[in-house]
Structure formats: C-alpha cells, structure tokens
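Have a look at the structure below, then the notes.
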Amino acid sequence: MIWLRNKKVVVVHSGNFHPDDVFCVALLSVLYNKKIKVIRTREKKILAKADFVLDVGGEYNPDKDRFDHHQQGGAGKRDNKISYSTFGLLWKKYGEEVCGSKEIADVLDKKLVQVIDADDNGFNLYQTTVEGVYPFLLTDVIYSMRPTWKEGELEMDKFFHEAVSLAKGILLKEIKIANHKIEIIKIVRDYYEKSLDKRLIIIDDPKATRYDFWDALQDFPEPLFVVYGDSENWSVVAMRKGVNDFGNRKDFPAIWGGLRDEELAKISGVKDALFCHIGLFLVVAKSKEGAIQMAKIALGK
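Okay, structure coming up:
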C-alpha cells in the first residue's frame, strides 16, 4: 500500500457503518476539502500510521486525533446525559473550525451532532404516541444505505462512500442554514426592539418567514402577532406558545376560521382580507394596512 503524503489518512472500522462514522468522515472531507484517504479496517498496523482513527482502536486522545468511545468507561457525557460518540468527540475539536464560529457549531451540535451521538449510544430522545408508527429520522436514512443481504457485504465500502457523500451535503447545507438563520434572527429581533407595541411586531423585510419569527421571538413573552409581507400579499401569524407547542399565544377570532375573500372581508370588516386559517394562527390580506387592521382586531384594539 502506498502511503499518500498529500492527503490525510483517515481510518474507520470495517463492517457495517453507522451515522456516527459516516458523519465523521463527512466532517473531515469538508475540513480538508476532500484531501483525505479513507481506509476501513481494524488492522492495528494501519491504525498506528493513520492521521485520524475514528470509532475504532479503543482510544480517545484528541491531541493525537484518536477518537473512539468504545473503550471501558466510554469518552464522557454531556450535562444532559447524552454520551459522546465519535462524531461528538470529533465535533468538540473541529466543529467550530468547520462551521466558522462557535455560535454556528453550537447550533449544529444541538440539531445534528447530539442526535447522532444519542442514536449511537442507544439513548432514546423521544416517545412515540401512535402504536406501530415511528419517525423516519436522519439516522434511519443512513442505515437504509447499507447493503441488503442480497446486495452483499462486498458492496459495503461502496455504500459507505455514498452515505458519506450524502452526509457531507447535509452538513454543508445545515451550516449554511444556521448561518442564514442567525442572520435573520438578528434582523427580526431588531424589529422587536424598535416596536412600540411589543404584542404586535411589524416586519418590513421580505426575507423573513413565520418560522424565523417563531425562532427569533420565542424567548420574549410579549409578542402575540407578527405582520409580514411578500411580493403579493401581507400576512399576520400568531406566535406559538412554545418551541414544540403548536398552540397559539392568542388566536384570531374563531368566527374567521376557514373563511376567504368576500366572506372574510364582510365578517372581519377588513375590505382586502383574503384568508384565515382554520387553525386560527394565520390571516392574509392584500395590503399591509389590511393585515395590521386584522391584527389589531384580534388584539381587541
């Protein structure tokens, strides 16, 4: 075997792959711009020469880029009791460098890294509410890329690299999403700070969506409605009660629910009213003034 000097040699275990080792290789591929040589083996002589040893070898030594968590005693837990898998250990050292900032790295740690760590360590993150029906998670997507018994283990490396390619694309997109999300959250919060009536926030930036409002304003108790526009209409969205609570802090009038156009305009008294969602969390008007009027009616002004 020719040892490639112009590439980082990355060793992961052979056999079945997991989201843990797949995302580790994806991370290093991003970090070194594809300039890595991946070897899937458990052979100690090869492990000894490698630049990175991931999820194999029984050693956690970040100074030497040895990242395993299968040794006796593991490799530590977070404060929330989720044990580190190899991806989490690698992320601790290189996540900020890959993301460009600690803020972005922390966002992805919660959204992506800890989920993979929990899966790899058998830590249950959720309870199902419908018997026999389960969420199909990102980790399940990676597992689904393993060869079936008919495809055979000889195809394992091929499918592993396909999974890494997918994981790399996800990682890069999630970094971009987090960057853009943080930027738009700052914009939305600036509108909040400048708003005279904190119950009603009016956003004049068309880039922001209702999902951005929910994320940006969730920590503030006052906002009840947010007014925002796009190229065609203006909308008002109700703030949710919580991050994982789809209930509204305040509903639009129940009599509006499910109505459209002339019928809604007549009932609401707003001439250009277009739509009210049956869930009473969203109304739409043709103009900014109409949207604000609908919000004020809902507030009881």
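For the record, in the sequence shown the residue sitting at position 223 is 357 according to our numbering, with numbers rising by one throughout.
Think of the CB as a built atom: it goes at the ideal place given N, C-alpha and C, for glycine as much as any other residue.
Spatial neighbours of T273 in its own chain (CB-CB distance under 6 Å, excluding positions within 5 residues in sequence) are listed in chain order as P153, D253.
Partner residues in the beta bridge of L334, as assigned by DSSP, are F359.
Per the coordinates, the alpha-carbon of R280 lies some 15 Å from the alpha-carbon of R174. Within the model, the alpha-carbon separation for N258 versus L288 is close to 32 Å. With 16 or more other Cβ atoms from the protein chains shown falling within 10 Å of its own Cβ, Y325 counts as buried.
Between L351 and M373, the C-beta spacing is below 8 Å. Per DSSP, the continuous beta strand (DSSP E) segment holding A372 begins and ends at 368 to 372. Under the 10 Å beta carbon count, D338 is surrounded by fewer than 16 other beta carbons and is classified as exposed.
The C-beta of A432 has 16 or more other C-beta atoms within 10 Å across all chains shown, which makes the residue buried. For the pair L162 and P196, the Cα-to-Cα distance works out to about 14 Å.
Under the 8 Å Cβ criterion, the segment 388 to 396 does not count as touching the segment 343 to 362, having fewer than three qualifying pairs.
Between Y166 and K183, the C-beta spacing is not below 8 Å. In this structure, DSSP gives S163 a helical state, which the three-state scheme calls helix.
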